[in-house]
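Participant: Dumping the structure here so I can ask a few things about it.
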Amino acid sequence: MPPKKRPRVGPKTADPAKADGGEKVSSLDASDGGTRKVAGTSKKRAGAVEPPPHNHWLMKSEPESRFENGVDVKFGIEDLKAMPDQTSCWDGVRSFQARNFMRQMKKGQMAFFYHSNCKEPGIAGLMKVVKEAYVDHTQFDKKDVHFDGSSKPDNPKWSMVDVQYLRMMKRFIPLSELKRYHLQHRAEGGPLKDMALFTKARLSVQPLTTEEFEFVLGLEDKAPGRILTKLLK
DNA sequence: GCCAACGTTGGC
DNA sequence: GCCAACGTTGGC
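In terms of the UniProt record's numbering, the first sequence is residues 1 to 233.
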């Protein structure tokens, strides 16, 4: 469920609604499949250790035209690049887990732009978070594909962040290649053995460990293909 | 276009 | 709070 972007809020902070809300989005809310690490309020066993917050992300969007209620949801990395400031809000996320991850994002963190539901799924480029979580206004827009009648303005359910294009990957990293590594690492150990792209395949916004992130970045400079897989092992 | 995986909803 | 039905994601 790729977000369909729209021109980000102008240069100024406009947005009468709620300018930046950056830090205060209500943290309770429903399910969140294991993403909970909200400070303070969560009830955890004494002694439970908080995992460190995630520093890197992968965000999925569809680069090919597809119509949902007559609206094209296409938004590939080229579309992000074409936005003013090469920046866009990442609206339309309607999954609690994905939302909660977005709420953990910090300004300056990097995210892979992943192309999903297309001819060649995979990682297309890099972007960075330029605005932390704030209210996704599309949930209140009846005409929007992702309108959510169950969300009330005084307690909005859905959040979004702003991201800015950084660069294309030096070469496109196809899902098939990542999957080979994932399988290999799962069998023999390695950084991609638990990668969310495979262990939580349907999550549209996912965290990566530093090791995962760096391993994937390292693939840019390697030859694609299975030859490489052989050589490495 | 198919369909498996899996998150969400709602009945009870 | 369980769990079956339902809907969506997204690879293939």
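Backbone N, C-alpha and C define an ideal beta-carbon position, used for all residues, glycine too.
Predicted, not measured: the structure shown is a model, and the values here were computed from it.
V205 and A98: beta carbons closer than 8 angstroms?
Facilitator: yes
Participant: I need the boundaries of the beta strand (DSSP E) containing Q206, first residue and last residue.
Facilitator: V205 to L208
Participant: Between A196 and D72, what straight-line distance do the alpha-carbon atoms span, to the nearest angstrom?
Facilitator: Taking the straight line joining both Cα atoms gives about 27 angstroms.
Participant: Less than 8 angstroms separating the beta-carbons of P121 and L175?
Facilitator: yes
Participant: For D85, does the count of other Cβ atoms within 10 angstroms reach 16, so buried, or fall short, so exposed?
Facilitator: exposed
Participant: Rounding to the nearest angstrom, what Cα-Cα distance links D136 and M105 in this structure?
Facilitator: 15 angstroms
Participant: Short of 8 angstroms in beta carbon distance, which residues of its chain neighbour E220, apart from the five on each side in sequence? Order them along the chain.
Facilitator: M169, K170, R171 and I173
Participant: Give the DSSP bridge partners of P174, in chain order.
Facilitator: G122
Participant: Starting from A98, trace the alpha helix (DSSP H) in both directions and tell me its first and last residue.
Facilitator: F96 to Q104
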